[in-house]
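First up is the structure itself, then whatever we jot down about it.
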Amino acid sequence: MLSLAAAIAAFTGSPVALDTHLSPPPCSAAPAIAWSGRSAVSVACAAPNWRLLVPVVAPPSQPLIRRGDIVSVAAGGPGFRVAVDAVAESDAAAGARVRLRNRVTGERIVAAVSDTGEIMLPGFNSGDGGR
Numbered sequence: 045m046l047s048l049a050a051a052i053a054a055f056t057g058s059p060v061a062l063d064t065h066l067s068p069p070p071c072s073a074a075p076a077i078a079w080s081g082r083s084a085v086s087v088a089c090a091a092p093n094w095r096l097l098v099p100v101v102a103p104p105s106q107p108l109i110r111r112g113d114i115v116s117v118a119a120g121g122p123g124f125r126v127a128v129d130a131v132a133e134s135d136a137a138a139g140a141r142v143r144l145r146n147r148v149t150g151e152r153i154v155a156a157v158s159d160t161g162e163i164m165l166p167g168f169n170s171g172d173g174g175r
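Positions in the sequence shown are counted from 1; adding 44 to them yields the working numbering.
Put into structure tokens, the structure is as follows:
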């Protein structure tokens with residue numbers, strides 16, 4: 045069981061505590077381990093045939109935006125795009141929301157960070173007017 049916990053920990057990057065009452069038969073080859081959502085991994089063995097779902101805490105994503113970064117916040121629609129510079133007031137990873145302060149007006153806003161690091165106001169898309 046210790047080697048199974050070690051294999052899961054190596055996969056997730058976080059230590060795991062497996063139920064001590066859990067005792068699957070030994071796997072003839074290395075078990076297949078894959079994420080099953082954000083809070084569990086699937087561990088499967090081909091021979092003998094068994095599968096476990098193990099709850100884990102996903103390692104935090106690395107922030108794309110760091111507190112204090114000066115960023116460009118965009119909003120737009122078909123045929124137009126506007127942007128303003130802002131200062132990040134929090135760290136944010138891809139897919140997360142980030143708190144920002146407009147550099148000119150001081151107004152605080154919350155925006156979404158895309159997978160590419162683009163920062164967009166919720167409810168707007170990037171449009172195609174500025175490209």
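Heads up, the beta-carbon is just placed ideally off N, CA and C, and yes, glycines get one too.
- Rounded to whole angstroms, the gap between the alpha carbons of residue 63 and residue 106 is 30 angstroms.
- One thing to note: residue 90 has its Cβ within 8 angstroms of the Cβ of residue 73.
- Residue burial is scored here from C-beta neighbours: residue 118 has at least 16 other C-beta atoms within 10 angstroms and is therefore classed as buried.
- Separation of residue 133 and residue 149 (C-alpha to C-alpha, rounded to the nearest whole angstrom) is 15 angstroms.
- Per DSSP, residue 153 is one residue of the beta strand (DSSP E) stretching across 152-157.
- Annotation for residue 121: the continuous beta strand (DSSP E) segment containing it runs 114-121.
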